[in-house]
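Chains as they are written, first to last, in this note's numbering: chain A, 145 to 258; chain B, 2 to 112. Following: one structure in structure tokens, then a few remarks.
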Amino acid sequence: KAGVTQTPRYLIKTRGQQVTLSCSPISGHRSVSWYQQTPGQGLQFLFEYFSETQRNKGNFPGRFSGRQFSNSRSEMNVSTLELGDSALYLCASSFLAGDSDTQYFGPGTRLTVL
Amino acid sequence: GESVGLHLPTLSVQEGDNSIINCAYSNSASDYFIWYKQESGKGPQFIIDIRSNMDKRQGQRVTVLLNKTVKHLSLQIAATQPGDSAVYFCAESFSGYSTLTFGKGTMLLVS
Chain A
145 KAGVTQTPRY LIKTRGQQVT LSCSPISGHR SVSWYQQTPG QGLQFLFEYF
195 SETQRNKGNF PGRFSGRQFS NSRSEMNVST LELGDSALYL CASSFLAGDS
245 DTQYFGPGTR LTVL
Chain B
2 GESVGLHLPT LSVQEGDNSI INCAYSNSAS DYFIWYKQES GKGPQFIIDI
52 RSNMDKRQGQ RVTVLLNKTV KHLSLQIAAT QPGDSAVYFC AESFSGYSTL
102 TFGKGTMLLV S
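Here is the structure:
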């Protein structure tokens, strides 16, 4: 069974631009969560989607948004990029949501904002 | 490779030794705990999990211990190998809420 895939793997943008990252969960998994990883803050939860609905949201500004499609694939968007948005963005999928089900991570998208 | 963290606690061990990585979790309501391994340039990889109704769980070469009284979690790796070198994270969540809260991570170096 294929794992979680994320595209693109690397991205370079400039301040003020926007970016869209994509995540394909493990086949059959219905929940997708997004995390931001930085050296200073570690791994921080962004949001979680289940059946095309955002179930939970972390403490990030409204510039960060996401969505989930009917096939469970998910995208996250960051608008008006800032230097501090440079990070590894990780997507994780699980079969069930809200039942302490194991989350499996993708390789991440490395975003660099210049 | 890409660094996943600066100034992480580091545990250096010799190949063949047993390693113990510790984690203090924050939420006394948490009832599900996971250990992840992250190698440079990769996403976190699931190692083992434990629920709060257990004190100990064993996997292949790994054991997780849970002490709810002091909110402490540990990961024991037997016969540590060079391939075990990575950053290890503990994560917690609670039933009905799938969001994971991660610890800061520990870098394990095997020589």
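Glycine included, every Cβ here is placed at the ideal spot set by N, Cα and C. Model, not experiment: these values are computed from the prediction.
C-alpha of A/Asn215 to C-alpha of A/Ile170: approximately 11 Å in a straight line.
With its beta carbon at least 7 Å from every one in chain A, B/Thr107 lies outside the interface. In the DSSP assignment, B/Val14 falls within the unbroken beta strand (DSSP E) covering Thr11 to Val14. Within the DSSP secondary-structure output, B/Glu40 pairs in no beta bridge. Taking all protein chains shown into account, A/Met220 has 16 or more neighbouring C-beta atoms within 10 Å of its C-beta and is therefore buried. For A/Leu240, the secondary structure class from DSSP, reduced to helix, strand or coil, is coil. Cβ-Cβ distances below 6 Å link A/Thr256 to Ile156 and Ser230 in the same chain, with the five nearest sequence neighbours on each side left out; the list follows chain order.
The beta carbons of A/Ser177 and A/Glu196 sit no closer together than 7 Å.
Only Phe90, Ala92, Ser94, Phe95, Ser96, Gly97, Tyr98, Ser99, Thr100, Leu101, Thr102, Phe103, Gly104, Lys105 and Gly106 from the region 79-107 of chain B bring a Cβ to less than 9 Å from some Cβ of chain A. For B/Phe47, at least one C-beta of chain A is nearer than 7 Å to its own C-beta. Here A/Phe213 is exposed: its Cβ has fewer than 16 other Cβ atoms, across all protein chains shown, within 10 Å. For A/Val257, the uninterrupted beta strand (DSSP E) run begins and ends at Thr253 to Val257, by DSSP. Secondary structure remark: continuous beta strand (DSSP E) runs of at least 3 residues inside the region 14-83 of chain B, in chain order: 20-25, 33-39, 46-52, 57-59, 63-68 and 73-78.
A direct Cα-to-Cα measurement between A/Gln198 and B/Leu110 gives close to 39 Å. Apart from the 5 residues on each side of it in sequence, A/Leu227 sits with its Cβ closer than 6 Å to the Cβ of Val257 in its chain, given in chain order.
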